[in-house]
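For reference, each letter of the sequence shown is one residue, going 1 to 189 in the working numbering. Remarks on the structure that follows.
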Amino acid sequence: MSTKNTQTPLLLLWYKPASSMRVLLDAGQGHTAAVMIAAFFGAVQGGQSTHGQAESGPLPFVLGGLAGVIGLYLFGWLTRNFGRWFGAEATQQDTRTALGLSLLPWTLLSMVLSFMIGAQMEPEVIVSYAPLFFVVFVYGYVILLLSLSAALRLSALKTFLCLVVTMLVSLFPLTLFAQFLANLFGSIA
């Protein structure tokens, strides 16, 4: 007797990342949600720069959200192109979908940390949760690796190497670009 699986692929992403990502990609779903998660991740990261400021306004959140979407498209493009070195045959949309959806654990982790800092919790209390945060961070990376592996149709080792090459190639130019933007916005403010 077969039972119908009533769980959504986004829920399954938490404990079966590769198979649920494959289901989403085969159905052509998830790209819009991936872009929204990337934008929200960027907005949370941008908002973290405003802690301790009396009035920051929405600009850091908007710029962070924009940077999240641009980062998703850039890293999706780079990962897909470097994945070809290892034999991947994925579309850019599939790569972006896998990257964006697998940012969800890190987005939630960033939200919790932002809330703890915004609530002005004692630093000792925040540090006491460091082992839990580390486990969630590593688990998020495993979800990222397995989801991207399903999108690229590569082994986890080849996907890991693809991510290493992508990060190494993009690290220095993006760091210089971020410094340029920080200096530009620092001189305006």
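The C-beta atom is built at its ideal place from N, Cα and C for all residues, glycine as well.
Per DSSP, reduced to three states, the secondary structure at L99 is helical. Of the residues assessed, G83 falls on the buried side of the cut-off, its CB having 16 or more other CB atoms within 10 angstroms. For the set L103, S147, N183, L74, the Cα lying nearest the Cα of V169 is the one of L74.
By the Cβ test, the stretch 126 to 134 is not in contact with the stretch 155 to 170, since fewer than three Cβ pairs between them sit closer than 8 angstroms. Assigned with DSSP and collapsed to three states, P17 falls in helix.
In the structure shown, the three-state DSSP call for R153 is coil.
Looking at the backbone, the Cα of G118 and that of F86 are separated by about 43 angstroms. Rounded to whole angstroms, the gap between the alpha carbons of W14 and N183 is 39 angstroms.
Our two residues, M167 and Q120, have alpha carbons roughly 33 angstroms apart in a direct line. Excluding five sequence positions before and after A150, the CB atoms of its chain that fall closer than 8 angstroms to its own CB belong to P17, A18, S19, M21, R22, L25, A98, given in chain order. When the alpha-carbon of E89 is set against those of L174, L152, F180, the nearest one is in L152. A residue is called buried when at least 16 other Cβ atoms come within 10 angstroms of its Cβ; A67 meets this threshold and is buried. Ranked by Cα distance from I37, the first of L72, S114, G28, L78 is L72. Around the Cβ of F61, a 10 Å sphere holds 16 or more other Cβ atoms; the residue is buried. In the three-state reduction of the DSSP assignment, E124 falls in the helix class. Judged by beta-carbon spacing, V44 lies within the 8 angstroms limit of M111, meaning their Cβ atoms are closer than that value. Counting of Cβ neighbours within 10 angstroms places F40 among the buried residues, the total reaching 16 or more.
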